[in-house]
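Numbering (my numbering), first residue to last: 21 to 284.
Backbone N, C-alpha and C fix where the C-beta goes; we use that ideal spot for every residue, glycine too.
Treat the numbers as computed from the prediction; the structure is a model and nothing was measured.
One structure below.
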Amino acid sequence: MPAKGKHRRPGNNPLARRFIAAGTGGAALALPMFGATAAEAAPNTAPSAVVERAVTSPVTYSVVAGDTLSKIARTHEVAGGWKKLYEDNRKAVGDNPSLIHPGLKLTIGAKPKPKNEAKAAAKTAVKTTAKAKPVSAAPAERADRSTRTSLAPKPVAYADNLDGWIKEALAIMAERGIPGTYEGIHRNIMRESSGNPLAINNWDSNAAAGTPSKGLLQVIDPTFRAYHVPGTSTDPYDPVANITAACNYAAARYGSIDNVNGPY
21 MPAKGKHRRP GNNPLARRFI AAGTGGAALA LPMFGATAAE AAPNTAPSAV
71 VERAVTSPVT YSVVAGDTLS KIARTHEVAG GWKKLYEDNR KAVGDNPSLI
121 HPGLKLTIGA KPKPKNEAKA AAKTAVKTTA KAKPVSAAPA ERADRSTRTS
171 LAPKPVAYAD NLDGWIKEAL AIMAERGIPG TYEGIHRNIM RESSGNPLAI
221 NNWDSNAAAG TPSKGLLQVI DPTFRAYHVP GTSTDPYDPV ANITAACNYA
271 AARYGSIDNV NGPY
């Protein structure tokens, strides 16, 4: 037990030994010293040494040996990287972005065309196409077409009466080389049927033989079939078919319907 009134000499506190004096001008401040392993570096709040450059306007860069699109994009800090650089210069580079040669001119920082401007250009192209006039035919072609049109025969409309039937029959006979005139045909029709296309003879020898004479020029069926003119009706009562068949028969037997002046 210590003596009364005596104080124990304080021992050296281990913690105290870990304090050092720090300061200036003799004023000391006791600071704790910690192990080096517990020290932490203060966060670096200084701005980054690399500052992204903004390309305010397009510039032209000439490729040198050893360049790649990736390297150029990094060097010039192209937003979008090498893909953007390739997209802006695809026409100059070609289909292979890995193949660029020294001296090739690249545009860096090309600005994309505004959407409104692109739409306006598209509308203009559509309007221009819509307004384009078809190319007119060359003068020679127009002249040739005009000649063909003028030479094409216009269809003739014949009256549905005796006059029209004779005229239509004469046109067909002219194409086939069958002789005959309007007067010769008309004269024989008036004698044979009086102009009735449905006339039939049921009392003469032909009728007695079962082949009565029919139509405008009173032709029997065997004769009609033998001298029928192609392109006309196969009905012996048809006026034009009857006239052309009768005139074809008369041409073969008498030389022409004009030479017939009685029963034939």
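With 16 as the cutoff for other CB atoms within 10 Å, does LEU89 come out buried or exposed? In the sequence shown, the residue the question calls residue 89 occupies position 69. Buried.
Taking 8 Å as the threshold, find out whether the region 264-274 comes into contact with the region 233-240 through three or more Cβ pairs. Taking 8 Å as the limit for Cβ pairs, the verdict is that the region 233-240 does touch the region 264-274.
Which of helix, strand or coil DSSP assigns to SER90: Here residue 90 corresponds to residue number 70 of the sequence shown, with the count starting at 1. Under the three-state reduction of DSSP output, SER90 falls in the helix class.
Enumerate, from N- to C-terminal direction, the unbroken alpha helix (DSSP H) stretches of 4 or more residues contained entirely within the region 100-132. Within the region 100-132, the complete alpha helix (DSSP H) runs of at least 4 residues are 101-108 and 110-113.
Spatial distance of GLU195 from PRO250 (CA atoms): Against the sequence shown, residue 195 aligns to sequence position 175. Against the sequence shown, residue 250 aligns to sequence position 230. CA-CA distance, GLU195 to PRO250, rounds to 11 Å.
Output the boundary residues of the alpha helix (DSSP H) element that contains ALA260. Walking along the sequence shown from the start, residue 260 turns up at place 240. Before going on, a small fix: residue 260 reads as Val here, not Ala. Counting along the chain, VAL260 sits inside the alpha helix (DSSP H) bounded by residues 259-274.
When you compare only the Cα positions, how much space is there between TYR247 and SER233? On the sequence shown, position 227 is the one that residue 247 refers to. On the sequence shown, position 213 is the one that residue 233 refers to. TYR247 and SER233 have their C-alpha atoms some 15 Å from each other.
Excluding the 5 residues flanking THR254 on each side, which residues of the same chain have their C-beta closer than 8 Å to its C-beta? Within the sequence shown, the letter at position 234 stands for residue 254. Result list for THR254: HIS248 and ALA261, in chain order.
Please work out which residues of its chain come closer than 8 Å, Cβ to Cβ, to GLY215, disregarding the five sequence neighbours upstream and downstream, and give them in chain order. Residue 215 sits at position 195 when you count from the first residue of the sequence shown. Its chain contains LEU182, ILE209 and LEU236 as the residues whose beta carbon lies nearer than 8 Å to that of GLY215, once the 5 sequence neighbours on both sides are disregarded; these appear in chain order.
Tell me which residue opens and which closes the alpha helix (DSSP H) that TYR202 is part of. On the sequence shown, position 182 is the one that residue 202 refers to. Unbroken alpha helix (DSSP H) run through TYR202: 202-212.
So, is TRP185 buried or exposed, given that buried needs 16 or more other C-beta atoms within 10 angstroms? The sequence position of residue 185 within the sequence shown is 165, counting from 1. Of the residues assessed, TRP185 falls on the buried side of the cut-off, its CB having 16 or more other CB atoms within 10 angstroms.
Could you tell me how far apart the beta carbons of ASP258 and GLY200 are, in whole angstroms, since I believe they sit closer than 8 Å? Within the sequence shown, numbered from 1, the residue matching residue 258 stands at position 238. Within the sequence shown, numbered from 1, the residue matching residue 200 stands at position 180. About 17 Å; that fails the 8 Å criterion.
Where do the ends of the alpha helix (DSSP H) carrying THR254 lie? Residue 254 sits at position 234 when you count from the first residue of the sequence shown. Note, THR254: premise wrong, no alpha helix (DSSP H); not H, not E.
Residues bridged to ILE220 [DSSP beta-bridge criterion]: Stepping through the sequence shown from its first residue, residue 220 is reached at position 200. Answer is LYS234.
Hey, out of ALA227, HIS206, LEU124 and ASN109, whose CA is closest to ALA85's CA? Within the sequence shown, numbered from 1, the residue matching residue 85 stands at position 65. Ranked by how close their Cα comes to the Cα of ALA85, the residues ALA227, HIS206, LEU124 and ASN109 have LEU124 in first place.
Buried or exposed by the 16-neighbour rule on C-beta atoms within 10 Å, applied to SER213: If you number the sequence shown from 1, residue 213 lands on position 193. Of the other Cβ atoms in all chains shown, 16 or more fall within 10 Å of the Cβ of SER213; this residue is therefore buried.
Element boundaries [beta strand (DSSP E), containing SER82]: Within the sequence shown, the letter at position 62 stands for residue 82. Element bounds for SER82: 79-82.
Under the DSSP definition of a beta bridge, which residues are partnered with VAL176? Along the sequence shown, read from residue 1 onward, the residue named residue 176 stands at position 156. In the DSSP assignment, VAL176 forms no beta bridge with any residue.
Rounded to whole angstroms, how far is the Cβ of ALA112 from the Cβ of GLY101, which I believe are closer than 8 Å? Sequence index remark: in the sequence shown, residue 112 carries index 92 (1-based). Sequence index remark: in the sequence shown, residue 101 carries index 81 (1-based). Contact doesn't hold; Cβ gap of about 18 Å is too wide.
Count the other CB atoms within 10 Å of the CB of PRO256; is the residue buried (16 or more) or exposed (fewer)? Within the sequence shown, residue 256 is the residue found at index 236, counting from 1. The residue in question, PRO256, is buried, as its Cβ has 16 or more Cβ neighbours within 10 Å.
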